[in-house]
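Just so you know, we're using the numbering used here here: the sequence shown kicks off at 91 and counts up by one.
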Amino acid sequence: MANTEQEILTGLAEIVAEETGLDTADVALEKSFTDDLDIDSLSMMTIVTHAEDKFGVRIPDEEVKNLATVGDAVSYIKGAQD
């Protein structure tokens, strides 16, 4: 079942918060994973793995580098579910 963009954002925010200790309110569509949220590559891979499990999608390694913002990740997950 496909999730709405808001459901994906909420779920992704929970994953990021669990991995990094950030507040879920800090995880917004326009936020950059590296510049705004200060997420390193190892943490990003963990977040991707948890997102794949949570949303039932596959995010290939070559796609991860294209996910610069939270919005990019939400869009990718939404598209992969449709």
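Don't be surprised by glycine CBs; every beta carbon is placed ideally from N, CA and C.
The segment 141–149 makes no contact with the segment 115–123: fewer than 3 CB pairs, one atom from each, lie closer than 8 Å. In this structure, Leu102 lies away from Ala170, with their beta-carbon atoms at least 9 Å apart. Excluding the 5 residues flanking it on each side, Ile105 has same chain C-beta neighbours closer than 7 Å at Ile137, His140, Ala141 and Lys144, in chain order.
In the structure shown, Thr159 falls within a strand segment according to DSSP collapsed to helix, strand and coil. Excluding residues up to 5 positions away in sequence, Ala107 lie with their Cβ nearer than 8 Å to the Cβ of Asp113 in the same chain.
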